[in-house]
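In what follows, a single structure is set out as structure tokens and then discussed.
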Ligand code: ARG
């Protein structure tokens, strides 16, 4: 065998791989990130092979010790990654054989890189999902706490980005929290399908050795071995599911980011973000830019891109493994890193939001936000809703002309539009009266917001208990 042909599969080849092709087909530059999971999977595989008598206990121990040493070399940055050895799997196996001799070559018995790589990615995804879940939990915790603190803080609620009705800031934050609660469920649901073990599928059809896949699955903490060997080595739908979760999460974070960016502007002036989450301008000394939420909003695009890349990668692939699947890693790694960073940014930033309560209150007062309350008041006094709508419309037009909010008009002024209006109208025209009146589950009344925050906290605890 020529020196330059690959030592793992060069046997049937009569000429060395073209240098460009070797570089083009190699994945080691990025899949070395799976080294820890690759070694973890190999140790479980060797343990199982010894349990069923395919390896001796001495061989198993030599393999496990060798792999453990290699793990140390990698962690200390002493491992020499080689592109001609193609990928993380063959780099580690070749090093093992260097270290322990011929026994190293027995590790691959009853296994293929096809089930090996599918196993590595699933182990990696499971680890990352757990880290991401912890960050998501930290963010939800912080959001619920802030919502509770701001249960009485009044701000304008918007539709079409026009002032609609007063709400409380706590209620707005709990709306964000609901989005994240659904994302959290999607993540845990995805984890169930990630945590299934391909190992034992071998190249595609299974193996002739008397393997025990339940043993390997137990050792690796998988819920069960994958049911079908062809499917196990081929599908990457779990990666698509994760990036789909990630895309929806980032879509939500981009909406929150957009609001944070708007709210920190001089025009809204609803909140302040501490300086540590902002940067300045090199030319305009007065500027303080909300870079962190802007970047999260921007990073949403790349995550959508990864989802599209993975969907397209899998599209039309015939069974079973195809080299196309090597392309799953870079999008997946970047999606994982982006989600982690964006969640960390938000989990750190949200509890540090400083609401500018007076400014929010003023904005709610300025936009005729209690107009619906006046209409509801008239209806309660027997006016038909359409007529009430008309009366309030005329009152608002008068307010625009005289630059007065409804609550700032005298009783006489209001009575120009309907003599049904009496002194008690002022109870419903205040912002406090308006939010307090929406006093049902899901409504913005401060007491309801406090109750909702409690329920959110319980739901979060129950989810943590379940995972
Ligand atoms: N580097 C490959 C991947 O990431 C590993 C599996 C390769 N298998 C094969 N028969 N070429 O998918």
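In my numbering, the protein residues as written are 0 to 466. In this text, a Cβ means the ideal position worked out from N, Cα and C, and glycines have one as well. Computed from a predicted structure; not experimentally measured.
State the beta-bridge partners of residue i as determined by DSSP.
i: residue 156; result: 164
i: residue 224; result: 196
i: residue 270; result: 354
i: residue 288; result: 278
DSSP three-state label for residue i, please.
i: residue 0; result: Note on residue 0: pLDDT 36, under 50, position unreliable in the model; no value is reported.
i: residue 278; result: strand
i: residue 131; result: helix
i: residue 359; result: helix
i: residue 260; result: helix
i: residue 19; result: helix
i: residue 467; result: Lying before the first or after the last residue shown, residue 467 is absent from the chain, which here runs from 0 to 466.
i: residue 382; result: coil
i: residue 83; result: helix
i: residue 5; result: coil
i: residue 451; result: helix
i: residue 46; result: helix
i: residue 255; result: helix
i: residue 415; result: coil
i: residue 149; result: coil
i: residue 208; result: coil
i: residue 265; result: coil
i: residue 463; result: helix
i: residue 422; result: coil
Determine, using beta carbons only, whether residue i and residue j come nearer to each other than 8 Å.
i: residue 70; j: residue 88; result: no
i: residue 17; j: residue 91; result: no
i: residue 231; j: residue 197; result: yes
i: residue 95; j: residue 65; result: yes
i: residue 73; j: residue 363; result: no
i: residue 337; j: residue 298; result: yes
i: residue 452; j: residue 54; result: no
i: residue 109; j: residue 200; result: no
i: residue 264; j: residue 369; result: no
i: residue 406; j: residue 428; result: yes
i: residue 182; j: residue 244; result: yes
i: residue 47; j: residue 211; result: yes
i: residue 50; j: residue 214; result: yes
i: residue 185; j: residue 237; result: no
i: residue 319; j: residue 229; result: yes
i: residue 345; j: residue 404; result: no
i: residue 75; j: residue 125; result: no
i: residue 295; j: residue 127; result: no
i: residue 111; j: residue 325; result: no
i: residue 239; j: residue 309; result: yes
i: residue 419; j: residue 380; result: yes
i: residue 376; j: residue 430; result: no
Exposed or buried, what is residue i when buried is set at 16 or more other beta-carbons lying within 10 Å of its beta-carbon?
i: residue 465; result: exposed
i: residue 179; result: buried
i: residue 123; result: buried
i: residue 105; result: buried
i: residue 255; result: buried
i: residue 77; result: exposed
i: residue 328; result: buried
i: residue 1; result: In this predicted model, residue 1 has a pLDDT of only 40, less than 50, meaning its place in the structure is not dependable; the value taken from the coordinates is given anyway. Exposed, since its Cβ has fewer than 16 Cβ neighbours within 10 Å.
i: residue 443; result: buried
i: residue 283; result: exposed
i: residue 134; result: buried
i: residue 113; result: buried
i: residue 101; result: exposed
i: residue 454; result: exposed
i: residue 416; result: buried
i: residue 260; result: buried
i: residue 176; result: buried
i: residue 162; result: buried
Whose CA, out of the options, lies closest to the CA of residue i?
i: residue 84; options: 162, 31, 68 and 135; result: 31
i: residue 131; options: 327, 352 and 341; result: 341
i: residue 347; options: 7, 155 and 145; result: 145
i: residue 330; options: 356, 307, 351 and 425; result: 307
i: residue 374; options: 164, 13 and 63; result: 164
i: residue 39; options: 213, 29 and 67; result: 67
i: residue 44; options: 63, 260 and 26; result: 63
i: residue 247; options: 401, 302, 446 and 366; result: 302
i: residue 356; options: 129, 168, 98 and 335; result: 168
i: residue 274; options: 171, 245 and 353; result: 353
i: residue 171; options: 159, 147, 184 and 189; result: 147
i: residue 226; options: 194, 250 and 161; result: 194
i: residue 291; options: 277, 285 and 281; result: 277
i: residue 358; options: 403, 19, 161 and 267; result: 267
Is there a Cβ from chain D that is less than 8 Å from the Cβ of residue i?
i: residue 443; result: Here chain D cannot be found, since the structure has a single protein chain.
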